Amino acid sequence: MARTRKILKRQQTVSRIGATASSQEKTKHTIFIADSRRMLEVADSSVHLVVTSPPYYNAPYDYKDYFASYEAFLSLMQDSAQEMKRILQDGRMACINCDDMLVDGEKYPIVADVTKIFMENGFKYREHIIWKKPMGYVRISRRSGVLIQNPYPMYFYPDNITESILIFQKKGEEEKRGNHFNHQSIDSKIRRLSQLDARGEYLRENWYVNVWDMTNVLPLNRIEKDVAAFPDELPYRLIKMLSFVGETVLDPFLGSGTTSKVAKELGRNSIGYEIDEKLIPVIQAKIAQRLRLKKKYPKLLEPEMLLESEKASEYELEIIKRKEVENPVTK
Ligand SMILES: C[S@@+](CC[C@H](N)C(=O)[O-])C[C@H]1O[C@@H](n2cnc3c(N)ncnc32)[C@H](O)[C@@H]1O
Numbered sequence: 444m445a446r447t448r449k450i451l452k453r454q455q456t457v458s459r460i461g462a463t464a465s466s467q468e469k470t471k472h473t474i475f476i477a478d479s480r481r482m483l484e485v486a487d488s489s490v491h492l493v494v495t496s497p498p499y500y501n502a503p504y505d506y507k508d509y510f511a512s513y514e515a516f517l518s519l520m521q522d523s524a525q526e527m528k529r530i531l532q533d534g535r536m537a538c539i540n541c542d543d544m545l546v547d548g549e550k551y552p553i554v555a556d557v558t559k560i561f562m563e564n565g566f567k568y569r570e571h572i573i574w575k576k577p578m579g580y581v582r583i584s585r586r587s588g589v590l591i592q593n594p595y596p597m598y599f600y601p602d603n604i605t606e607s608i609l610i611f612q613k614k615g616e617e618e619k620r621g622n623h624f625n626h627q628s629i630d631s632k633i634r635r636l637s638q639l640d641a642r643g644e645y646l647r648e649n650w651y652v653n654v655w656d657m658t659n660v661l662p663l664n665r666i667e668k669d670v671a672a673f674p675d676e677l678p679y680r681l682i683k684m685l686s687f688v689g690e691t692v693l694d695p696f697l698g699s700g701t702t703s704k705v706a707k708e709l710g711r712n713s714i715g716y717e718i719d720e721k722l723i724p725v726i727q728a729k730i731a732q733r734l735r736l737k738k739k740y741p742k743l744l745e746p747e748m749l750l751e752s753e754k755a756s757e758y759e760l761e762i763i764k765r766k767e768v769e770n771p772v773t774k
């Protein structure tokens, strides 16, 4: 069993946390129940990777009428981009899982708008990964079924089985010198510990192309049932390929805690922000979970084949409630 220290406390004063990478055995995870538009608790240039999925703009089921207007959503993205720029180290990545959203028959260009906002806030646009969900999980909806009822032109309303993962890199001194990232700045032991299985999952699971086949979290009675959670595999690939062991991964829209759980299992520290304090027990339970990997050829999400020899990772979890939790969306 993992030795865990769970703390839930109210914030007394704001003292900023920062991080340096080390190969420590025990990882540290700090969750703030607070509005991430201002991450007052996180020091400038102290985070090595951001992996997140902002609330989907007024998504019909999960986030219906969540935002007062599209401008309110864009304003949240603007504030978030500025904060991510401040807390990330130069040359490091922010990965934003989002997608264009169809609301009341109108498609909102979220991917384009988020890209523009990040580019205007000191980030370089690096990648656009398409996350493709399996066909088997999509049923013909009332929308796409219209053409079956009316098999004529102009009844085309396709179902969406993809989402986007946008990857932005914070511009900094290395960028000015023409480099994306200074690989020499990483200690050789940390590099070794962070080595990827290039001939294994990278090649076999097609991580090397910009369309990623990943199964979505199914709407069953799981701990994430009230959260639009992404699958473990999404942060798993990004954290492995874009950060080193002992570094700090931040998720400003933590939801059920997927990013922190995966960071822990991969020997990284994490910081999460979540506005909804009802999710505290979900986050605690999720972070305690293990990752499930197939034995022979490591692959995620094969429940029956948990790696037995893997010893549970030791971690420390601290949940801090900021004094005032603001309503993030309507202002
Ligand atoms: C799409 S969900 C994230 C799901 C997460 N990736 C997971 O796997 O569980 C977005 C989350 O952002 C939270 N949120 C919305 N606005 C916020 C803000 N300003 N600060 C912090 N959290 C916020 C919502 O409560 C919601 O839980």
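Just so you know, we're using our numbering here: the sequence shown kicks off at 444 and counts up by one.
Built from N, CA and C at the ideal position, the CB exists for glycine as well.
Values in this document were obtained by computation on a predicted structure and should not be read as measured data.
Enclosing beta strand (DSSP E) for residue i [first to last residue]
i: THR473; result: 470–476
i: LYS550; result: 549–551
i: SER518; result: Element bounds for SER518: not the beta strand (DSSP E) but the alpha helix (DSSP H), 513–530.
i: ARG586; result: Taken as a continuous stretch (DSSP letters only), ARG586 belongs to no beta strand (DSSP E), as it is neither H nor E.
i: LYS567; result: 566–575
i: ILE718; result: First-last for ILE718: undefined, no H or E at that position.
i: ASP827; result: With the chain covering 444 to 774 only, the question about residue 827 has no answer from this structure.
i: VAL546; result: 544–546
i: VAL777; result: The chain is shown from 444 up to 774; residue 777 falls before or after that span and cannot be answered.
i: LEU760; result: 758–764
Residue i: CB within 8 angstroms of a non-hydrogen atom of ligand 1
i: SER479; result: yes
i: SER496; result: yes
i: SER700; result: Note that residue 700 is Gly in the sequence shown here, rather than Ser. Checking the Cβ of GLY700 against ligand 1 gives yes.
i: PHE696; result: yes
i: ILE723; result: no
i: PRO709; result: Note that residue 709 is Leu in the sequence shown, not Pro. No, the beta carbon of LEU709 sits no closer than 8 angstroms to any heavy atom of ligand 1.
i: GLU514; result: no
i: ALA672; result: yes
i: GLU667; result: yes
i: GLU717; result: yes
i: ASP543; result: no
i: ASP508; result: no
i: LEU519; result: yes
i: LYS540; result: Contrary to the premise, residue 540 reads as Asn rather than Lys in this sequence. Yes - ligand 1 has a heavy atom lying nearer than 8 angstroms to the Cβ of ASN540.
i: TYR499; result: yes
i: ASP630; result: no
i: ASP487; result: no
i: ASP505; result: yes
Close-in-space but distant-in-sequence residues of the same chain around residue i (CB under 8 angstroms, 5 per side omitted)
i: ILE726; result: ILE474, LEU697, SER699, GLY700, SER703, GLY715, GLU717, ILE762
i: TYR758; result: ALA445, THR447, LYS469, THR470, LYS471, HIS472, LYS707, ILE730
i: GLN627; result: none
i: LEU749; result: Reliability of the predicted coordinates at LEU749 is poor, the pLDDT of 48 falling under 50, and the value obtained from them is presented with this limitation in mind. Here the set comprises ARG733, ARG735, LEU736.
Cut-off 7 angstroms between Cβ atoms - residues of its own chain near residue i, not counting five sequence neighbours on either side
i: MET444; result: Here the model assigns MET444 a pLDDT of 40, short of 50, so the residue's position is not dependable and the matter cannot be decided.
i: SER752; result: A caution first: SER752 carries a pLDDT of 46, below 50, which makes its placement in the model too unreliable to give a value.
i: VAL494; result: CYS538, PRO678, LEU681, ILE682, VAL692, ASP694, THR702
i: PRO498; result: TYR506, TYR509, PHE696
i: TYR551; result: TYR500, TYR513, ASP543, MET544
Sequence-distant residues of the same chain with beta carbon closer than 6 angstroms to residue i, five excluded per side
i: LEU672; result: It should be pointed out that residue 672 corresponds to Ala in this sequence rather than to Leu. The residues are VAL660, GLY698, SER699, THR701.
i: ALA728; result: ILE666
i: ARG480; result: ASP522
i: ILE610; result: MET536, CYS538, ARG569, GLU570
i: ARG586; result: TYR600
i: GLU720; result: ILE476
For residue i, the first and last residue of its enclosing alpha helix (DSSP H)
i: LYS729; result: 723–731
i: VAL485; result: Note, VAL485: premise wrong, no alpha helix (DSSP H); not H, not E.
i: VAL705; result: 701–708
Checklist entry - Whole beta strand (DSSP E) runs in the stretch 640–681 with 3 or more residues, listed along the chain? => result 654–656
Next on the checklist: Report the start-end ranges of each beta strand (DSSP E) in the stretch 591–639 that is 3 residues or longer and not cut off at the edges.
Outcome noted: 605–613
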